[in-house]
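Peer 1: For the sequence shown, counting from 1, position 461 maps to 461 in my numbering; every step adds exactly one.
Here a beta-carbon is modelled for each residue, glycine too, at the ideal position from N, C-alpha and C.
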Amino acid sequence: MDSLTLQLTAFDAVRMLWAMAFGACVGSLINVLAYRIPRGLDFVTPQSRCPSCSTKLTWRENIPIFGWLLLGGRCRFCRSPISAEYPIVETIVAVLWGAAYMACYSDPSTPLHGLFSWAEPEWARSGFVQTWPIFLVIVTLLSSLVAMTLVDARTFTIPPVLTNVPTVVALLVHPIYAVIVQMKDGRLIATAPGYSWSIWTPDKFGWWWVGAGVGGAVGFVVANLLLRFGVLKRSFEDYAAWEAKTLAEIEAKQGAAGAAGAGEAATARVGPAAGLSDQADAQGADAASVAASASDDRVNGEQAAAPTEQEMWVQYPHARREMARELLFVGVIAAFAVGAAYLALRLAGPWAMNVNTLRLEPTSDVVVPLWLQVTSGAFLGYLIGGGVVWAIRILGTLAFGKEALGLGDVHMMAAVGACLGWIDPTLAFFGAAFLGMAGWAIQYFSSGENKRMLPYGPFLAMATIVVWFGKPVIERAAGWALGGPVNWP
Ligand SMILES: [Zn+2]
């Protein structure tokens, strides 16, 4: 290695460490959010404290990763252990930032580049100075996905704030940055063939796509307004009332069983426990089957524990009915998207076949400005990314009679679509199914039970991260498998 290459490599390594340091700090913030959001705590003002004795952490102990190492994983004051999850999460986010930075911007003339070049997105060749806003969108998304994974794994819910942050960042940064680029030189210097931006966008004659994206976004706002003013009803609105009533019935039954002879109760319980899976699958399950499934892990004759929130949730008997409400909501958005696409098609026409490209193009020759292409691309990403998950949720729930996939998963993949365009969340959604099956299999063969539900969010998040880093490889593999021309330099 000559001295110039050595210098460039050192420079690359230093920039990677900077990216990792930023990532570790964001990881530290994610730890705070993942701890405080599910507990409903304020996540801005209070300083970090030991959860056992409330001793405040000094600035040195607050340093990501190293603070924990410095303390040896124990509180300085009361010596109670501090979870290793904190430094682990900080390390994961730091590695994601470092890897994303190197995938995008490592210097091609250094050996470090070889480690990351397989994941290099085309647009990043325009350089950091040109494209840092896109990088900001990506690291915001990757970090948010880690936060969503942590909270979803614990609570089976994804708080809206975690999906809203990347969505808002993407819907602001993509269009604003597109306006700036358009004023300067018209488009990104380097993009993949057929692309004018880092995400999929309608091409310069793609007026119907613009109509669908903008129309869908307007439909989204309208549908939410209709929800707010009570014209459309929220799904699962009566869930809390149903849950309270069912839990009260279970309590009453258990009280009665407790009053009966202990031996009698023990034999009586063999029946429902054995018929558990049939009962749990039956439509219209009542309090008895909730109690039966909740008492599955109970030792003979002991009093049953109250069913957990997740066990209650899968027993809710009206999941199919609730899908009608969700179909109405989605229908409003789809109607606006289709209507506006048609309108745009009419307004931009008349259309004629371009003999060179074999594509229909409007003869009026009014092209879609870059900022509108990019805005539509982000809108369509949001709508399609969320729409794919929502469609499977509605179909799955209608098929199985219990909620399949959460609305949190819908919001998550919509956010991914806003940041990365519609292709990534669609690939990731189907990729996550394989990861999910693998996770389920591991759980099944290690513990011998498949009753406990797995949250799907972590699999979606993992699949999204894999798809983002692997997309250049995936595109090349797809081109090779389809036997088509691989337009990759
Ligand atoms: Zn302490």
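Measuring CA to CA, which of T91, R79, D42 is closest to I65?
Peer 2: Nearest of T91, R79, D42 to I65, Cα basis: T91.
Peer 1: What are the boundary residues of the beta strand (DSSP E) that A344 is part of?
Peer 2: It is not in any beta strand (DSSP E) - A344 instead sits in the alpha helix (DSSP H) that spans 319-348.
Peer 1: Going straight from the alpha carbon of R298 to that of P307, what length do you get?
Peer 2: Here the model assigns R298 a pLDDT of 41, short of 50, so the residue's position is not dependable and the matter cannot be decided.
Peer 1: The beta strand (DSSP E) with N354 in it runs from where to where?
Peer 2: Element bounds for N354: 351-354.
Peer 1: Is the CB of I92 under 9 Å away from at least one CB in chain B?
Peer 2: No chain B appears in this structure, which consists of one protein chain only.
Peer 1: Could you have a look at L57 and say whether DSSP puts it in helix, strand or coil?
Peer 2: Of the three classes helix, strand and coil, the one that applies to L57 here is coil, per DSSP.
Peer 1: Is there at least one non-hydrogen atom of ligand 1 closer than 8 Å to the beta-carbon of T58?
Peer 2: Checking every heavy atom of ligand 1 against the Cβ of T58, none is found closer than 8 Å.
Peer 1: Let me check one thing: in DSSP terms, what residues is E361 bridge-paired to?
Peer 2: Note: E361 sits in a beta bridge opposite A352.
Peer 1: Could you give the distance in angstroms between the alpha-carbon of A378 and the alpha-carbon of T167?
Peer 2: Using only the alpha carbons, I get a separation of about 9 Å.
Peer 1: With a CB to CB cut of under 7 Å and the five nearest residues on each side skipped, what residues in its chain are close to I82?
Peer 2: The residues are W68, L71, G73, R74, C75.
Peer 1: Taking 8 Å as the cut-off, is the beta-carbon of F229 closer than that to any non-hydrogen atom of ligand 1?
Peer 2: False, no ligand heavy atom lies under 8 Å from that Cβ.
Peer 1: At the level of alpha carbons, what is the spacing between G401 and P51?
Peer 2: Taking the straight line joining both Cα atoms gives about 41 Å.
Peer 1: Can you check the segment 58-111 for any beta strand (DSSP E) of at least 3 residues that lies completely inside it and give the ranges in chain order?
Peer 2: Runs found: none.
Peer 1: Can you tell me which of the three DSSP states R49 falls into?
Peer 2: Here R49 sits in strand by DSSP.
Peer 1: What would DSSP say about I158, mapped onto helix, strand or coil?
Peer 2: Note: I158 maps to coil in three-state DSSP.
Peer 1: Identify whether Y35 lies in helix, strand or coil by the three-state DSSP scheme.
Peer 2: Y35: helix per DSSP, three-state reduction.
Peer 1: Note down, in chain order, each residue of its chain lying with its Cβ closer than 7 Å to the Cβ of L372, except the 5 sequence neighbours on either side.
Peer 2: For L372, where only same-chain residues beyond five positions count, the Cβ hits under 7 Å are V210.
Peer 1: Kindly indicate which residue of G331, V89, G27, W18 has the alpha-carbon position closest to the one of A217.
Peer 2: It is G331.
Peer 1: Please report the straight-line C-alpha distance between Q7 and W480, rounded to a whole angstrom.
Peer 2: Roughly 38 Å separates the two Cα atoms.
Peer 1: Do you know how far the Cα of S376 is from the Cα of A121?
Peer 2: Sequence check: residue 121 is Pro here, not Ala. Going by the C-alpha atoms only, they are around 21 Å apart.
Peer 1: Relative to ligand 1, is the shortest distance from any of its heavy atoms to the C-beta of P48 smaller than 8 Å?
Peer 2: According to the sequence as given, residue 48 is Ser; it is not Pro. No, the beta carbon of S48 sits no closer than 8 Å to any heavy atom of ligand 1.
Peer 1: Note down the Cα distance separating I199 from L4, rounded to an integer number of angstroms.
Peer 2: I199 and L4: Cα-Cα distance of roughly 35 Å.
Peer 1: Compare the C-alpha of L136 against each of P111, H174, S109 and name the closest.
Peer 2: Checked all of P111, H174, S109; the closest Cα to L136 is H174.
Peer 1: Closer than 8 Å: is that where the CB of C78 sits relative to any heavy atom of ligand 1?
Peer 2: Under cutoff, so the answer is yes.
Peer 1: Please classify Q531 as buried or exposed, where buried requires at least 16 neighbouring CB atoms within 10 angstroms.
Peer 2: Residue 531 lies beyond the residue range present for the chain, which begins at 1 and ends at 489; the question has no answer from this structure.
Peer 1: What residues in its chain sit with their C-beta under 6 Å from that of L150, if we drop five residues either side in the sequence?
Peer 2: Closer than 6 Å at the Cβ level, and outside the excluded window around L150, lie A34.
Peer 1: Pull up the distance between the alpha-carbon of G284 and that of F236, whole angstroms please.
Peer 2: Because the pLDDT of G284 is 38, which lies under 50, any placement of that residue in the model is unreliable, and the question is left without a value.
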